[in-house]
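K.L.:
What follows is a single structure, and I will ask about it in a moment.
Protein chains: 4
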Amino acid sequence: MNHYIGVIGAGACPAPIYELARNIGFEIGKRGWILVCGGLKGVMEGAAKGCVEAGGMTVGILPGLDRTSANPHINIAVPTGLGDGRNLLIIRSSDAVVAVSGGYGTLSEIALALKVNKPVIGLDTWKNIPGVRYAGDPLEAVGLITALLP
Amino acid sequence: MNHYIGVIGAGACPAPIYELARNIGFEIGKRGWILVCGGLKGVMEGAAKGCVEAGGMTVGILPGLDRTSANPHINIAVPTGLGDGRNLLIIRSSDAVVAVSGGYGTLSEIALALKVNKPVIGLDTWKNIPGVRYAGDPLEAVGLITALLP
Amino acid sequence: MNHYIGVIGAGACPAPIYELARNIGFEIGKRGWILVCGGLKGVMEGAAKGCVEAGGMTVGILPGLDRTSANPHINIAVPTGLGDGRNLLIIRSSDAVVAVSGGYGTLSEIALALKVNKPVIGLDTWKNIPGVRYAGDPLEAVGLITALLP
Amino acid sequence: MNHYIGVIGAGACPAPIYELARNIGFEIGKRGWILVCGGLKGVMEGAAKGCVEAGGMTVGILPGLDRTSANPHINIAVPTGLGDGRNLLIIRSSDAVVAVSGGYGTLSEIALALKVNKPVIGLDTWKNIPGVRYAGDPLEAVGLITALLP
């Protein structure tokens, strides 16, 4: 069965973070892994764009009820209407998670993933969270994912 | 954007119902619609099998936390850990719903879909529910879906 | 431990249904049972009002995020932000359920309760649902609850 | 309308943390505020015990389906069956939150509360989270709550 890799991060971000997300998304797609994210803009869009550019498949688990809120690089859009409750579903749908930058929503997802012992890779994100494996770039991140996946 | 069609029904069913589900799944896949279901066996498996046989894409929104509980015809498996709470997510992820046979879980999904005015097509399922459009066979069901989709 | 009895029904109803809900709420409160409902108006308000008039305790599990949407007879208001997803929480919080009149939301709750084998008493509600125990009046309803509680 | 104060923290804790939770619970109950927690043992039990000792009311929002998993100081037990998904409901049900010690589950709750701009008071918990107001003892914590409540 395929691996599902979550990419979590804020819905608005500066261009360099968007590119970072796009690069990690590309590496995920290149490996044939399925990318799971929150489906909106910012880090979620960058990651989905990169994954699709590499020929990968993307799943967006949306906070609202409207599928059209998904960014254009989402292949499968799942509207939940749960608001921040969809954060937990992203974690439950992912075998490992990459946190890219991000705010409180991302921090909640990091914590929910660590709570259930899923690998969390950090890229330029919340610092000094015990349990997060910090990577310096996307290639190191996918290397950690490969090493840590069950 | 693609249409997402939910197929709802029991996790265990006699062979003729399985074939009915497979046939409706096939018609869904043939039209390029994305099939959403609960991801388990019975009607969900029959529908997913038919959809994949027609070259379509299937999404399984699972009640448990274990992705491997998905039947082998699910392309994208979303474990939720919400138990019956995932029924609502199936409805929220679907633009229209086809109910095939089914028990109380299916009845809850029919009601949740009608509550938010989504088209519900009934195939050999709970009878006399006002608002359900009853079809005699899979072709009539997809005809109704086509007519009722926004 | 106390019994928790759910009263489910529509958020708008004619005066006789409101009185029916108030009467069943009164009988629930009189017995020291905790009343669980959706916290809004109509049947939910009538039931909560009756329960409080009998000296009972009421819990309202709200669909939105705003506690002030609760009717004035709710002692404990739990905002969920889950929309119709809160229906399942009402069922999970109740040891038995009384359905009073109601529409599709109520039907979904009846089905979710029957799915997990919780007693469902029907008062002037959806007819001919196998598994529902239909009562002619509030006293018969509480008699059935007493008989069916674990 | 009454204030609802969440107390979040781990389900197992050393005796001094239990006493700290009991003291903050006592101050909450003394002020007539309703205490919301996860309903289990450890910090949740200490806080609920203190609140009831002060004559207050306690609500436990449980991860499982079994009401009897609640600690004996919970007045209103709400089984959700959502697992860690109930963390979000604790936050949505609280007007302000006090974090006492705690692990990843508590961190997720801190983040979810900060995400929606609810006051978060920290007592001997995750350090250096921007937005958390750290208190040195229960009296300072309730002082902060009083100052920060809308």
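Going line by line, the protein sequences match chains B, L, G and U. Residue numbers for the first sequence follow this note's numbering, beginning at 1 and rising by one. Residue numbers for the second sequence follow this note's numbering, beginning at 1001 and rising by one. Residue numbers for the third sequence follow this note's numbering, beginning at 2001 and rising by one. Residue numbers for the fourth sequence follow this note's numbering, beginning at 3001 and rising by one. Don't be surprised by glycine CBs; every beta carbon is placed ideally from N, CA and C.
Tell me which residues share the same chain as glutamate 2045 of chain G and place their Cβ nearer than 6 Å to its Cβ, disregarding the 5 neighbours each side in the sequence.
P.N.:
The residue labelled residue 2045 of chain G in the question sits at position 45 within the third sequence. Excluding residues within five positions, the ones whose Cβ falls inside 6 Å are Asn2071.
K.L.:
Roughly how many angstroms separate the alpha carbons of isoleucine 3008 of chain U and glycine 1042 of chain L, rounded to a whole number?
P.N.:
As a working mapping, residue 3008 of chain U is identified with position 8 in the fourth sequence. As a working mapping, residue 1042 of chain L is identified with position 42 in the second sequence. For isoleucine 3008 of chain U and glycine 1042 of chain L, the distance between alpha carbons rounds to 42 Å.
K.L.:
Quick check: the Cα distance between serine 69 of chain B and alanine 10 of chain B, rounded to an integer number of angstroms?
P.N.:
Mapped onto the first sequence, residue 69 of chain B falls at position 69. Mapped onto the first sequence, residue 10 of chain B falls at position 10. Those two C-alpha atoms are separated by around 15 Å.
K.L.:
Helix, strand or coil: how does DSSP classify glycine 1122 of chain L here?
P.N.:
What you label residue 1122 of chain L is simply residue 122 of the second sequence in a count that begins at 1. Residue state, collapsed to three classes: strand.
K.L.:
Under 8 Å Cβ-Cβ, which residues of chain G neighbour glycine 3157 of chain U?
P.N.:
Examination of residue 3157 of chain U is not possible in this model, given that chain U is present from 3001 through 3150 alone.
K.L.:
Scan the region 2076–2090 of chain G for residues whose Cβ lies nearer than 9 Å to a Cβ of chain U and list them as they occur along the chain.
P.N.:
Residues passing the 9 Å Cβ filter: Ile2076, Ala2077, Val2078, Pro2079, Thr2080, Gly2081, Leu2082, Leu2088 and Leu2089.
K.L.:
Chain L beta carbons: is any one of them nearer than 7 Å to that of arginine 133 of chain B?
P.N.:
For this step, residue 133 of chain B is matched to residue 133 along the first sequence. Chain L contact via Cβ: absent.
K.L.:
Against glycine 105 of chain B, what residues of chain U qualify as contacts under a CB-to-CB distance less than 9 Å, listed in chain order?
P.N.:
Here residue 105 of chain B refers to the residue found at position 105 of the first sequence. In chain order: Ala3111, Leu3112 and Lys3115.
K.L.:
Among B:Thr80, B:Ala96 and B:Val52, which has the Cα closest to the Cα of histidine 3 of chain B?
P.N.:
Reading the first sequence from its first residue, position 3 is the one you call residue 3 of chain B. Ranking the options by Cα distance to histidine 3 of chain B, first place goes to B:Ala96.
K.L.:
If contact means a Cβ-Cβ distance below 8 Å, which residues of the region 3032–3063 of chain U contact chain G?
P.N.:
Going along the region 3032–3063 of chain U in chain order, one finds Ile3034, Met3057, Val3059 and Ile3061 with a Cβ nearer than 8 Å to chain G.
K.L.:
Where DSSP assigns a beta bridge to alanine 3096 of chain U, which residues make up the other side?
P.N.:
Position 96 of the fourth sequence, counted from the start, is the residue given in the question as residue 3096 of chain U. Per DSSP, U:Ile3005.
K.L.:
Would glycine 1081 of chain L and glycine 1060 of chain L qualify as a contact pair, given that the criterion is a beta-carbon distance under 7 Å?
P.N.:
Counting from one through the second sequence, the residue named residue 1081 of chain L turns up at place 81. Counting from one through the second sequence, the residue named residue 1060 of chain L turns up at place 60. Going by C-beta atoms, glycine 1081 of chain L is not nearer than 7 Å to glycine 1060 of chain L.
K.L.:
For serine 3108 of chain U, which residues in chain B fall below 7 Å Cβ to Cβ?
P.N.:
Against the fourth sequence, residue 3108 of chain U aligns to sequence position 108. Near serine 3108 of chain U (Cβ distances below 7 Å), the residues of chain B are Ser108, Ala111, Leu112 and Lys115.
K.L.:
Express the C-alpha separation of glycine 1064 of chain L and glycine 1083 of chain L in angstroms, rounding to a whole number.
P.N.:
Against the second sequence, residue 1083 of chain L aligns to sequence position 83. Against the second sequence, residue 1064 of chain L aligns to sequence position 64. Cα to Cα, glycine 1083 of chain L sits roughly 6 Å from glycine 1064 of chain L.
K.L.:
Please specify which runs of the beta strand (DSSP E), each continuous and at least 3 residues long, are wholly inside the region 3047–3073 of chain U, giving them in chain order.
P.N.:
DSSP runs (the beta strand (DSSP E)) wholly in the region 3047–3073 of chain U: 3057–3062.
K.L.:
Between which two residues does the beta strand (DSSP E) harbouring isoleucine 1129 of chain L extend?
P.N.:
Walking along the second sequence from the start, residue 1129 of chain L turns up at place 129. Neither: isoleucine 1129 of chain L is in no beta strand (DSSP E) and is coded neither H nor E.
K.L.:
Taking leucine 3035 of chain U as the reference, give the member of U:Pro3130, U:Ala3077, U:Leu3144 and U:Ser3101 with the closest Cα.
P.N.:
As a position in the fourth sequence, residue 3035 of chain U is number 35, starting the count at 1. Comparing Cα-Cα distances from leucine 3035 of chain U to each of U:Pro3130, U:Ala3077, U:Leu3144 and U:Ser3101, the minimum goes to U:Ala3077.
K.L.:
Would you list the one or two residues that DSSP bridges to cysteine 13 of chain B?
P.N.:
Here residue 13 of chain B refers to the residue found at position 13 when the first sequence is read from its first residue. Paired residues: none, contrary to the question.
K.L.:
Considering only residues of the same chain and omitting the five flanking positions on each side of leucine 2112 of chain G, which have a CB-CB separation below 7 Å?
P.N.:
The residue given as residue 2112 of chain G occupies position 112 in the third sequence. Within the same chain, leucine 2112 of chain G has close Cβ partners Asn2087, Leu2088 and Ile2091.
K.L.:
Per DSSP, which one or two residues make a beta bridge with proline 1138 of chain L?
P.N.:
The residue you call residue 1138 of chain L lines up with position 138 of the second sequence. DSSP, once it has assigned bridges, lists no residue as partnering proline 1138 of chain L.
K.L.:
Taking DSSP as the reference, what is the three-state secondary structure of leucine 35 of chain B?
P.N.:
As a first step, residue 35 of chain B must be located in the first sequence, where it is residue number 35. In this structure, leucine 35 of chain B counts as strand in the three-state DSSP scheme.
K.L.:
Using only the alpha-carbon positions, how far apart do alanine 135 of chain B and valine 3142 of chain U sit?
P.N.:
If you number the first sequence from 1, residue 135 of chain B lands on position 135. If you number the fourth sequence from 1, residue 3142 of chain U lands on position 142. Straight-line Cα distance between these residues: approximately 40 Å.
K.L.:
Between the Cα of glycine 55 of chain B and the Cα atoms of B:Leu107, B:Pro14 and B:Phe26, which residue gives the shortest distance?
P.N.:
Along the first sequence, one-based indexing puts residue 55 of chain B at 55. Cα-wise, what sits closest to glycine 55 of chain B is B:Phe26.
K.L.:
DSSP on valine 116 of chain B, reduced to helix/strand/coil?
P.N.:
The count along the first sequence starts at 1 and reaches residue 116 of chain B at position 116. In this structure, valine 116 of chain B counts as coil in the three-state DSSP scheme.
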